[in-house]
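Protein chains in written order, with UniProt numbering: chain U, 1 to 262; chain A, 1 to 222. Glycine is no exception: its CB is placed at the ideal position from the N, C-alpha and C atoms. Worksheet: the structure to be examined is printed underneath.
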Ligand SMILES: Nc1ncnc2c1ncn2[C@@H]1O[C@H](COP(=O)(O)OP(=O)(O)OP(=O)(O)O)[C@@H](O)[C@H]1O
Ligand SMILES: [Mg+2]
């Protein structure tokens, strides 16, 4: 694989009080790749994603985006936390889609997408509206551009949230269990949008329990267990040749999907 | 009382005075609410700042105002401040200052609760698209809070409008003071007080209706 490394995590640690949630995470995401994080509840997947865009501050280790440390700079041998303005600028290069959509409730679908374009990227209203229209079209919601979040279904809200993130033209998109809060019949429309994004070459770091999807779109799968990377590799390796009992057990829970679904 | 003969011409003859007085009361309430909202917002941010040197004085201000009768505050500012060598305020300015400080204390509690009730996911979504701290407040937190607190802000305006009747105590010619003056000249006590009460009632009712329309317009939150 010749693609350059976009995101590199090395020895990332994070504790909440006495509870150590991340115990030294190493991970790489190459340009244009989809990397999926799987693992049991509480294994630290969400915490890791949140560290990547500084919604949480990691305690130790490095998270490098395009080689640049996220959240701090080196001053000689000392780490100095970046100013909020600098952190905000870094976050603008990383998109995030949340489990609970988190659309701004006072803005229409179109305005949700436009806000970052005008305020963060400094685009004109007209240009932002055009970009918003483009991406809302891509997620199949051009006709709903004037709707407020409460007027949209969960699946539609999540697609707007994806449009909002991708419209910022980020280097990397983070997805944290974005279909978990959806009614089963709405899951497919969101996964469809994500798959199309992946195929368009977007670099994505995805936490998901949708194992068929993970297997289908990922270049690389990372199994997290109790704050560590227990196994990682190509989907076929991880799913077909799990090298630990814990991964076997974890995958066993989805067994019905693999054998029954087809 | 039973033989009282109503003579409503006292109202029609003084209609212009009534209308001007009502307008003054409304103006006092609106201006005080506007200033009070600014004070209240600053106070609310001070309260949630986590900085003791900011939040403690603000807490004291809010408690003192809320525990003191408004009429006393009016007297204190109007008669008391000159004792400390502050003569610059005429009685209308003095009343607006008092009512603004009074409104500010109540609005700070409204806004504090509003800020606390905003789900943190919205702030995180704002962070995730790269908005800076003040941009997050300006474009996400404040607009959402405004919609959440709109009913309380509106109710405070109605209360403040009724409270402007206390300006009569320092001879500001709003509705209550004007009614009393017309009484003194005409002795048509029942007509005048009924008319004044009717005007307070109608105005407050219209404000409540307008508020309901506004709330419907900004119902996108739920
Ligand atoms: N802000 C916090 N304060 C304290 N503990 C936290 C906090 N956030 C997460 N935790 C704890 O950290 C551990 C890992 O949580 P995390 O949300 O990262 O797991 P996860 O792998 O995403 O799980 P799930 O599949 O259920 O979403 C859990 O034990 C959780 O209770
Ligand atoms: Mg999680």
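Within the segment 103-137 of chain U, the residues whose Cβ lies closer than 7 Å to some Cβ of chain A are 104, 105, 106, 115, 116, 119, 120, listed in chain order.
Against chain A, the beta carbon of residue 91 of chain U has neighbours under 8 Å at 127, 128, 129, 130, listed in chain order. Between residue 133 of chain A and the set U:152, U:120, U:249, U:21, the nearest pair of CA atoms involves U:120. Residue 138 of chain A is positioned such that its CB atom lies no closer than 8 Å to that of residue 218 of chain A. Within the segment 67-98 of chain U, those residues whose Cβ lies closer than 9 Å to any Cβ of chain A are, in chain order, 84, 85, 87, 88, 89, 90, 91, 92, 93, 94, 95, 96, 97, 98.
No Cβ of chain U is located within less than 8 Å of the beta carbon of residue 216 of chain A. In this structure, residue 112 of chain A sits away from residue 42 of chain A, with a CB-CB distance that is not shorter than 8 Å. Burial is judged here by how many other beta carbons sit within 10 angstroms of a residue's own beta carbon; residue 120 of chain A has fewer than 16 and is exposed.
Using a Cβ-Cβ cut-off of 8 Å, residue 236 of chain U does not count as an interface residue toward chain A, since no Cβ of chain A sits closer than that to its own.
In the three-state DSSP reduction, residue 230 of chain U falls in the strand class (E or B). Close partners of residue 168 of chain U in chain A (Cβ separation under 8 Å): 129, 130. Boundaries of the alpha helix (DSSP H) around residue 65 of chain A: 52-66. Residue list for ligand 2: U:45, U:46, U:176, U:177, U:207 (CB closer than 7 Å to any heavy atom, chain order). Taking 8 Å as the threshold, the shortest C-beta distance from residue 164 of chain U to chain A falls below it. For residue 52 of chain U, the Cβ stays outside the 7 Å cut-off from all heavy atoms of ligand 1.
Of all residues in the segment 130-154 of chain A, only 130, 131, 132, 133, 135, 139, 140, 143, 144, 147 come within less than 8 Å of chain U when Cβ atoms are compared, listed by chain position.
Within its own chain, the residues whose Cβ lies closer than 8 Å to the Cβ of residue 49 of chain A, once the five positions on either side in sequence are excluded, are 55, listed in chain order. For residue 134 of chain U, the enclosing alpha helix (DSSP H) covers residues 125-138. Along the segment 129-195 of chain A, the alpha helix (DSSP H) occurs as fully enclosed runs of 4 or more residues at 133-136, 142-163, 175-186, listed in sequence order.
Under a criterion of Cβ atoms nearer than 7 Å, no residue of chain A is adjacent to residue 180 of chain U; the nearest Cβ is some 14 Å distant. Comparing alpha-carbon positions, the option among U:186, U:106, U:254, U:94 lying closest to residue 149 of chain U turns out to be U:106. One thing to note: residue 61 of chain U has its Cβ no nearer than 8 Å to the Cβ of residue 111 of chain U.
In this structure, residue 65 of chain U sits away from residue 91 of chain U, with a CB-CB distance that is not shorter than 8 Å. Listed in chain order, the beta strand (DSSP E) runs fully inside the segment 29-96 of chain U are 34-39, 60-65, 72-75, 78-81, counting runs of at least 3 residues. Considering only A:33, A:10, A:206, A:204, the residue with the shortest C-alpha distance to residue 195 of chain A is A:10. Here residue 36 of chain U is not near residue 229 of chain U, since their CB atoms are 8 Å or more apart. Look at residue 16 of chain U: its beta carbon is less than 7 Å from one of the heavy atoms in ligand 1.
When DSSP states are grouped into helix, strand and coil, residue 86 of chain A belongs to the coil group.
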